[in-house]
Amino acid sequence: MFEIDLKDFFKEAVGSVRNFRVSGILQKKIQPFLVDKLDVKGEISVKRQENSAVIVGQIDYKVQASCDRCQKDFTFRNHQAFTKYLSDEKLRHLKFGQYPLLDDIIESIILNKPIAIVCKTGCRGLCSGCGADLNEESCNCSESDHIKNNPFIVLKRDNHGSTEKENFKSQNRQPTKSD
Ligand SMILES: [Zn+2]
Ligand SMILES: [Zn+2]
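Right, dumping it as structure tokens:
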């Protein structure tokens with residue numbers, strides 16, 4: 685499903701290109717998503733270089749997630765790109781000439797996850813005083829209870845399995861807007 689045909693690609697001239705479309709359900713539990721089914725679509729381009737090949741992938745995916753601010757379930761969508769280099773040595777030894785993209789796709793999704801998963805830009809979240817959903821109602825608590833991005837919710841999420849290494853990586857990235 686996430687395999688591309690690179691049979692005898694190492695024999696082709698420098699500069700030649702193969703294009704692929706991939707799509708399917710990726711079954712993998714990735715924190716903090718709610719389910720282990722990610723609907724992935726991608727466009728993959730592989731270009732011959734001197735003694736190697738470069739894979740450039742563009743991936744769109746959607747998955748059920750819970751908003752870090754208001755805690756509602758919603759469909760999270762993301763678009764991202766990845767680049768991978770393959771030596772001719774590696775190309776020569778592909779099983780049936782098929783290159784499995786699965787690990788590259790998973791790695792790219794993990795590395796490009798936004799720090800905060802929010803249902804919409806400007807989600808007002810829950811009041812930390814009374815728990816009201818501020819997207820739907822106002823309450824009588826003070827403004828200081830209406831913290832836009834309640835840090836305790838994020839902490840709660842991180843305690844559920846993300847590794848420190850993952851957190852360190854994601855802190856260096858800007859959140860991606862979901863639509
Ligand atoms: Zn929300
Ligand atoms: Zn309140």
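Counted the way the working numbering counts, the sequence shown spans residues 685 to 863.
Note that the Cβ used here is the ideal one computed from N, Cα and C, for glycine as well.
| Item | Value |
| --- | --- |
| Spatial neighbours of I837 within its chain, please: CB distance less than 6 Å, with the 5 preceding and 5 following residues excluded, ordered by chain position. | For I837, the pLDDT reaches just 47, beneath the cut-off of 50, and the residue's location in the model is therefore unreliable, although a value from the coordinates is still provided. Here the set comprises D752. |
| Below 8 Å CB to CB, which residues in the same chain sit around T767 once its five sequence neighbours on both sides are set aside? | V738, I739, V740 and G741 |
| With a Cβ-Cβ cutoff of 8 Å, do Q748 and N796 count as a contact? | no |
| Hey, would you say L718 sits closer than 8 Å to Q755, going by beta carbons? | no |
| For C825, I'd like the list of residues in its chain whose CB is within less than 6 Å of its CB, leaving aside the five on either flank, ordered along the chain. | C811, G813 and C814 |
| Measure the beta-carbon distance from L785 to I728 and round it to whole angstroms, keeping in mind my assumption that it falls under 8 Å. | 7 Å |
| Which whole runs of the beta strand (DSSP E) in the stretch 691 to 716 are 3 residues long or more, in chain order? | 701 to 711 |
| Nearest to F693 by CA position, among V730, H830, K721 and I714, is which residue? | V730 |
| Give the DSSP bridge partners of P784, in chain order. | E687 |
| Check whether the Cβ atoms of D720 and Q711 lie closer than 8 Å to each other. | yes |
| Could you give the residue range of the beta strand (DSSP E) that holds L770? | D757 to S771 |
| In chain order, what residues of the same chain have a beta carbon less than 8 Å from the beta carbon of F780, not counting five sequence neighbours either side? | K691 |
| Could you check where the beta strand (DSSP E) with A749 kicks off and where it finishes? | S736 to S750 |
| Could you tell me if S828 is buried or exposed, where buried requires 16 or more neighbouring beta carbons within 10 angstroms of its beta carbon? | exposed |
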